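Chemist: Have a look at this one before I ask anything.
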Amino acid sequence: MRRQPLKGRGIVVTRPAHQAQPLARLIRDAGGRVFLFPAIEIRDIEDPGLFTQLIDRLDEFDLAVFVSPNAVERGMSVISARRKFPRRLQVATVGGGSVRALEQFGITGVIAPQGRSDSEALLELPALAAMGGRRVVIFRGAGGREALGDTLRERGATVEYAECYRRVRPALDVAPLLEAWSRKGVDAITVTSSEGLRNFADMIGPGGRERLPDTPLFAPHPRIAEAAHGLGVNKVIVTGPGDTGLVTGLCAYFGALR
Numbered sequence: 188m189r190r191q192p193l194k195g196r197g198i199v200v201t202r203p204a205h206q207a208q209p210l211a212r213l214i215r216d217a218g219g220r221v222f223l224f225p226a227i228e229i230r231d232i233e234d235p236g237l238f239t240q241l242i243d244r245l246d247e248f249d250l251a252v253f254v255s256p257n258a259v260e261r262g263m264s265v266i267s268a269r270r271k272f273p274r275r276l277q278v279a280t281v282g283g284g285s286v287r288a289l290e291q292f293g294i295t296g297v298i299a300p301q302g303r304s305d306s307e308a309l310l311e312l313p314a315l316a317a318m319g320g321r322r323v324v325i326f327r328g329a330g331g332r333e334a335l336g337d338t339l340r341e342r343g344a345t346v347e348y349a350e351c352y353r354r355v356r357p358a359l360d361v362a363p364l365l366e367a368w369s370r371k372g373v374d375a376i377t378v379t380s381s382e383g384l385r386n387f388a389d390m391i392g393p394g395g396r397e398r399l400p401d402t403p404l405f406a407p408h409p410r411i412a413e414a415a416h417g418l419g420v421n422k423v424i425v426t427g428p429g430d431t432g433l434v435t436g437l438c439a440y441f442g443a444l445r
């Protein structure tokens, strides 16, 4: 008989809708009930002119960095439709999900950290230590974090951003989630970005925010956990990276309660 440590547990998944199903499937396989409540929606940039101009200049760069699976999917889709990816262009990314997404476009030999999935872990790799004279293009969403680009510049690189998507807060009906929460049907929340956490807190309104402090929140990065503590969440569990890390953390927590 298959072990189901999440049996009967209601788990909120706040990933963008197009990325939520793998995590939802893992939670269901462990016996959990899933509440899909995407706190971020990924859309095309409003004016793609600068982005496509940069794509036409890809041969000028030495390194292309993709900061997320969304950056891979949006960026590589446009590149593939417009031109061939330069053979000499090295590629780096921040985690396993983005590596797998790049493989779908035929990009292998990617520079990526093991274990942690963030810009700081990528910057610790020897391949990005000496950047003098190198030209780097960073594929990201509009208005993303500056830490990666700033550090590469400090190391001597010339950096340009290829902003290939934008993040918006979805307009969702929060009533079904609040109703389940009021019946004690929500046992945990999973959050995969600080922006998603802020959006979620705004979207659930005063009624949800009253319940948020006492609901365990699972996040794959300490930066998200810090933001959650800032919102008054009392129980924040930092898990391993990716969907597998989140579900492993959920199963360990709720399995220990049985």
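With the numbering used here applied, the sequence shown corresponds to residues 188 to 445, in that order.
Glycine residues also receive a C-beta, built at the ideal position from the N, C-alpha and C atoms.
Just so it is clear, the structure is predicted and the values come from calculations on it, not from any experiment.
1) So, for Arg-196: in the same chain, excluding its five sequence neighbours on each side, which residues have a beta-carbon less than 6 Å away from its beta-carbon?
2) If we count the other Cβ atoms within 10 Å of its Cβ and call it buried at 16 or more, is Leu-433 buried or exposed?
3) Checking 8 Å against the spacing of the C-beta atoms, do Ser-306 and Arg-340 come in under that value?
4) Below 6 Å CB to CB, which residues in the same chain sit around Leu-310 once its five sequence neighbours on both sides are set aside?
5) Are at least three pairs of beta-carbons, each pair with one atom in the region 311–324 and one in the region 289–296, less than 8 Å apart?
6) Is it true that the CB of Met-263 sits closer than 8 Å to the CB of Phe-238?
7) What first and last residue would you give for the alpha helix (DSSP H) that runs through Gly-328?
8) Quick one: give me the first and last residue of the beta strand (DSSP E) that Thr-345 is part of.
9) Give the straight-line distance between the Cα atoms of Val-278 and Lys-271, rounded to the nearest whole angstrom.
10) What is the rounded straight-line gap between the Cα of Leu-444 and the Cα of Thr-402?
11) Applying the criterion that 16 or more other CB atoms from any shown protein chain within 10 Å of the CB defines a buried residue, is Asn-421 buried or exposed?
12) Does DSSP put Met-188 in a helix, a strand or coil?
13) Between Ala-204 and chain D, is the shortest Cβ-Cβ distance under 8 Å, so that the two count as touching?
14) Check whether the region 383–390 and the region 411–419 touch, using three or more Cβ-Cβ pairs below 8 Å as the test.
15) According to DSSP, is Val-286 helix, strand or coil?
16) Return the chain-ordered ranges of every alpha helix (DSSP H) run that is complete within the region 223–258 and spans a minimum of 4 residues.
17) How should Arg-301 be labelled, buried or exposed, when 16 other C-beta atoms within 10 angstroms of its C-beta is the threshold for buried?
18) Would Ser-380 and Ile-266 qualify as a contact pair, given that the criterion is a beta-carbon distance under 8 Å?
19) Going by C-alpha distance, which of Ile-229, Tyr-348 and Phe-405 is nearest Arg-327?
20) Below 8 Å, can you find three or more Cβ-Cβ pairs linking the region 280–290 to the region 352–359?
21) Measure the C-alpha to C-alpha separation of Ala-358 and Leu-245 and round it to an integer number of angstroms.
22) Closest to Gly-372 by CA distance: which of Leu-213, Phe-222, Gln-208 and Gln-191 is it?
23) So which of Arg-230, Arg-396, Leu-399 and Arg-269 has the shortest CA-CA distance to Glu-450?
Modeler: On the basis of the supplied data:
1) Cβ neighbours of Arg-196 beyond the five flanking positions: Gly-219, Asp-374 and Phe-441.
2) Burial check for Leu-433: the Cβ neighbour count within 10 Å reaches 16 or more, so the residue is buried.
3) Not a contact, by the Cβ cut-off of 8 Å.
4) The residues are Thr-338.
5) At 8 Å Cβ cutoff, the stretches do not touch.
6) No, these two residues do not count as a Cβ contact at 8 Å.
7) If you look at Gly-328, you'll find it isn't in any alpha helix (DSSP H); it sits in the beta strand (DSSP E) that goes 322–328.
8) Thr-345: member of the beta strand (DSSP E) spanning 345–355, first to last residue.
9) Going by the C-alpha atoms only, they are around 14 Å apart.
10) CA-to-CA, the gap between Leu-444 and Thr-402 works out to about 15 Å.
11) Classification of Asn-421: exposed, given that the 10 Å Cβ count is below 16.
12) For Met-188, the pLDDT reaches just 38, beneath the cut-off of 50, and the residue's location in the model is therefore unreliable, although a value from the coordinates is still provided. In the three-state DSSP reduction, Met-188 falls in the coil class, being neither helix nor strand.
13) This model lacks chain D altogether, as it is built from one protein chain only.
14) Output reads yes: the region 411–419 touches the region 383–390.
15) Of the three classes helix, strand and coil, the one that applies to Val-286 here is helix, per DSSP.
16) If we require 4 residues or more, the alpha helix (DSSP H) runs fully inside the region 223–258 come out as 236–243.
17) Sequence check: residue 301 is Gln here, not Arg. Taking every protein chain shown into account, the CB of Gln-301 has fewer than 16 other CB atoms within 10 angstroms, so this residue is exposed.
18) For the 8 Å CB-CB criterion, Ser-380 and Ile-266 do not form a contact.
19) Nearest to Arg-327 by alpha-carbon distance, out of Ile-229, Tyr-348 and Phe-405, is Tyr-348.
20) The answer is no - the region 352–359 does not touch the region 280–290, with fewer than three Cβ pairs under 8 Å.
21) Their backbone Cα atoms lie some 36 Å apart in a straight line.
22) Checking every option, the nearest Cα to that of Gly-372 belongs to Phe-222.
23) Outside the modelled stretch of the chain, which goes from 188 to 445, sits residue 450, for which no answer is possible.
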